Structures are given as structure tokens and as C-alpha cells.
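K.L.:
Residues 3 to 335 (the numbering used here) make up the sequence shown, in order.
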Amino acid sequence: MELHDVWFVLIAVLWTGYFFLEGFDFGVGVLTKLLARDRKERRVLINTIGPVWDGNEVWLLTAGGATFAAFPEWYATLFSGFYLPLLLILVCLIVRGVAFEYRAKRPEEKWQTNWEHAIFWTSLLPALLWGVAFGNIVRGVKIDAEMEYVGSLGDLVNLYSILGGLVTLTLFTFHGAVFTALKTVGDIRDRSRRLATSLGLVTAVLALVFLAWTQISRGDGKSLVAMIVAVLALAAALGFNVAGREGWAFALSGVTIAAAVAMLFLTLFPNVMPSSLNEEWNLTVTNASSSPYTLKIMTWCAAVATPIVLLYQSWTYWVFRKRIGTQHIADAH
């Protein structure tokens, strides 16, 4: 296996980590409107992800940085062609971080309500737009012989990519509901589990259609295995959620995300961004990659830094592993 192949796999792993971790806190943000009945319950939901949401976003920064360094042509075409959707995601992430930090800075109800609205919308929109973006990457976009995107914003809005966006939105919200049930006690835990069941059924229908469409149009034997794993893991997650085994349900919803991401990257390889105009203009792991020397330096840096990051983030989740409920919230702030 060449180094550019290794880095394609590593970037897939980084995106998997990002969607697994940021996926549930996007879902919790959406649940602040769907599940919480009052300001105190919204505070419980926010507190479940309060210690970890910013660490989860590091995976996005790392995935973007790794793409820039390992596959500069891919990075350039992707970020220029998807400029407006990615800018909207970036704005949402900035406003979302500010909302988490500023919500309780003042006691006025209107102040806190406005920031809670911001948390909801800046969680929902990225959860939707990431699916739209990856749907277009897998489907193929208008790339010319100069490796430049020559399409319009309207070209990114199509049935396949919209379905992909709905899948990520519902899957992340289901993931967040299972996480909420895992991290809370009392009535909010029970309602989270019931809502997760409904969300999981909707997700299963949408995901099955989207993954089957992907498999039929671009898949092979390896992607079929990943699809089967994703479907079985989602079904098992639903079963464990109904049985009240939140830990297993959360782990298996994470497996669903990982298998779905793996399937998308398997259908891409050896391409990183297919051209819908001419297959000869596809961006591949070969023509879009950096020099072997650059990739070698990156590999050594990743080998040193990655275990440290994983250990630190694992420690953070262990420290903040306790369940919380409304009885732990002193007031409505």
C-alpha cells in the first residue's frame, strides 16, 4: 500500500471520528427543541455535552488539515466548489460555540432563549449540510480537466444529496437521543429512549434507501459488506434502546455511523472526488496527493500525535461519565 492510500484511509478514519463524536452533540443540540420541555431540561441536555463538544470539533480541524496537506488538489477543488455550504457550516460552528458559552452569562429569559434558538439551528443545519456535501462527493460533481469545479451552487442540490442530508440529520439526532438516555436520569431519560425509537425507525428507512442507492450506482463487494454492517448495527441499536441498554445502543449507533462512512469512502476509492463530466478528470489518490516526502513526514507526525490525542479525549469522557438530571440543576440558568 502506497502512502497516499494510507492517508486516504486515515482521512476516512478522521471523518468517522468526527461524525461519531460531533454527531451526537449535533443531535443533542437538535433535541433541545424536540425533547426538552422547559429551560431546566434544556440545561440538562446542554450539560451532557458541555465538557466535550469543543474537543469533538478538533476531529474536523484535523480532517481538514490532513486533507490540505495530503491531498492539496482535493482540498482546493472541494473548498472552492463547496465554498458557500462549507462557509455556512463554519458560521454555524462559530455561532454554536458562542451560544454555549454566552447563554448563561445573563439571567434574562429573552437572552437565554435567543441563544437556545441559536444552539438548535446551528446544530441542525451542519447535521443536514454534511450529508448533502458527502452525497455530492460520492455522486460526482462538475470537475474539468484542470481539476477545477465548474458547476454552480444549484448543481449541489439534487435528490441524492438531499437524501444524504436527511440521513445524517436523522442519524445524528438518533445518536444524540441515545446519548442523552445514556447520560441522564429520571423522566428525561425515559422520554429520550422513546424518542430514540421513533427517530431510529425513520433513520432506518431513509438510510436503507440512501445506502442501497449508493451501492447500486457505485458499490462493489466491500461496500456491500459495509452497508450490511451499518444496517444490522442500526437494527441492533434500536433493539438495545428499547430494552433500556443505552450503553450498547450508543456503541452500536456509533458502529452504524462508522460503517456508513466506510461505505462512502469505499465507493470513492481510488477516487477522492469524481468528475461527472468525464471519468478521466476524476481526482484520485494519485493525481491529487502531495509528494511522497511530504506524506512521509506527515505519517511520522501522526504516529506521535494521534495516540496522545486519543488518550486525552478518552480521559475527558471518563472524567465526565456520570449521569445528570433536573435535580442537579439549581435553577433555570
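Heads up, the beta-carbon is just placed ideally off N, CA and C, and yes, glycines get one too. Everything numeric in this text was worked out from a predicted model, so none of it was measured.
1) What does the alpha-carbon distance come out to for the pair T64 and A71?
2) Buried or exposed: where does P309 fall if 16 or more other Cβ atoms within 10 Å of its Cβ makes it buried?
3) Are the stretch 32 to 46 and the stretch 169 to 182 in contact at 8 Å, needing three or more beta carbon pairs?
4) Along the alpha helix (DSSP H) that carries N58, what are the first and last residues, could you check?
5) Would you kindly check if the distance between the Cβ of A228 and the Cβ of M265 is under 7 Å?
6) Within its chain, find whatever has a CB closer than 7 Å to the CB of L279; leave out the 5 residues flanking it on each side and keep chain order.
7) Could you have a look at T286 and say whether DSSP puts it in helix, strand or coil?
8) On the DSSP letters alone, give me the boundaries of the alpha helix (DSSP H) that M1 sits inside.
9) Out of curiosity, what's the CA-to-CA distance linking A304 and D40?
10) Are the beta-carbon atoms belonging to L184 and T205 less than 7 Å from one another?
11) Check for me: the alpha helix (DSSP H) holding V97 runs from which residue to which?
12) How many Å lie between Y162 and V54 at the Cα?
13) Could you have a look at M300 and say whether DSSP puts it in helix, strand or coil?
14) Would I259 and F22 qualify as a contact pair, given that the criterion is a beta-carbon distance under 7 Å?
15) Any beta carbon from chain B within less than 7 Å of P87's own beta carbon?
16) When we look at the beta-carbon of A261 and count the other beta-carbons within 10 Å, is it buried (16 or more) or exposed?
17) Counting Cβ pairs, one atom from each stretch, are 3 or more of them under 8 Å apart for the stretch 146 to 161 and the stretch 187 to 206?
18) What's the gap between the Cα of G57 and the Cα of V311?
19) Going by alpha carbons, who is nearest to G327 out of R45, M3 and W17?
20) Leaving out five residues before and five after D363 in sequence, what residues of the same chain have Cβ atoms less than 7 Å from its Cβ?
21) Taking buried to mean at least 16 other C-beta atoms within 10 Å of its own C-beta, is W61 buried or exposed?
22) Which two residues bound the contiguous alpha helix (DSSP H) that contains V207?
23) Note the first and the last residue of the continuous beta strand (DSSP E) segment covering N273.
24) Restricting to Cα atoms, I'd like to know which of E118, A198 and L158 is closest to Y85.
25) Thinking C-alpha only, which one of T216, W215 and A238 is nearest L203?
P.N.:
Taking the geometry as given:
1) For the purposes of this step, residue 64 is taken as the residue at position 62 of the sequence shown. For the purposes of this step, residue 71 is taken as the residue at position 69 of the sequence shown. T64 and A71: Cα-Cα distance of roughly 10 Å.
2) Here residue 309 corresponds to residue number 307 of the sequence shown, with the count starting at 1. It counts as exposed.
3) yes
4) Working through the sequence shown from its first residue, we reach residue 58 at position 56. Per DSSP, N58 belongs to the alpha helix (DSSP H) from W55 to N58.
5) Within the sequence shown, residue 265 is the residue found at index 263, counting from 1. Within the sequence shown, residue 228 is the residue found at index 226, counting from 1. Using a Cβ distance threshold of 7 Å, M265 and A228 count as a contacting pair.
6) Stepping through the sequence shown from its first residue, residue 279 is reached at position 277. Excluding sequence neighbours, L279 sits near K144, I145 and D146.
7) The sequence position of residue 286 within the sequence shown is 284, counting from 1. Strand at T286.
8) The requested residue 1 is not part of the displayed model; the chain covers only 3 to 335.
9) For the purposes of this step, residue 304 is identified with residue 302 of the sequence shown, where counting begins at 1. For the purposes of this step, residue 40 is identified with residue 38 of the sequence shown, where counting begins at 1. The alpha-carbon atoms of A304 and D40 are separated by roughly 44 Å.
10) Taking the sequence shown and counting its residues from 1, one reaches residue 184 at position 182. Taking the sequence shown and counting its residues from 1, one reaches residue 205 at position 203. No, Cβ-Cβ distance for L184 and T205 is not below 7 Å.
11) Here residue 97 refers to the residue found at position 95 when the sequence shown is read from its first residue. Y85 to Y104 is the extent of the alpha helix (DSSP H) around V97.
12) On the sequence shown, residue 162 is found 160 positions in, with the first residue counted as 1. On the sequence shown, residue 54 is found 52 positions in, with the first residue counted as 1. Cα-Cα distance, rounded: 32 Å.
13) As a working mapping, residue 300 is identified with position 298 in the sequence shown. The answer is helix: DSSP assigns M300 an H, G or I state.
14) Within the sequence shown, residue 259 is the residue found at index 257, counting from 1. Within the sequence shown, residue 22 is the residue found at index 20, counting from 1. Contact: yes.
15) The structure shown contains no chain B; it is built from a single protein chain.
16) As a working mapping, residue 261 is identified with position 259 in the sequence shown. Buried.
17) no
18) For the purposes of this step, residue 57 is taken as the residue at position 55 of the sequence shown. For the purposes of this step, residue 311 is taken as the residue at position 309 of the sequence shown. Cα-Cα distance, rounded: 10 Å.
19) The residue you call residue 327 lines up with position 325 of the sequence shown. It is R45 whose Cα lies nearest to the Cα of G327.
20) Residue coverage of the chain in this structure runs from 3 to 335, which leaves residue 363 outside it and unanswerable.
21) Mapped onto the sequence shown, residue 61 falls at position 59. Buried, because 16 or more other Cβ atoms sit within 10 Å of the Cβ of W61.
22) Residue mapping note: residue 207 aligns to position 205 of the sequence shown, counting from 1. From DSSP, the alpha helix (DSSP H) with V207 extends over D189 to R220.
23) In the sequence shown, the residue the question calls residue 273 occupies position 271. It spans N273 to M275 - the beta strand (DSSP E) in which N273 sits, taken as one unbroken run.
24) The sequence position of residue 85 within the sequence shown is 83, counting from 1. It is L158.
25) The residue labelled residue 203 in the question sits at position 201 within the sequence shown. Measuring from the Cα of L203, the nearest candidate turns out to be A238.
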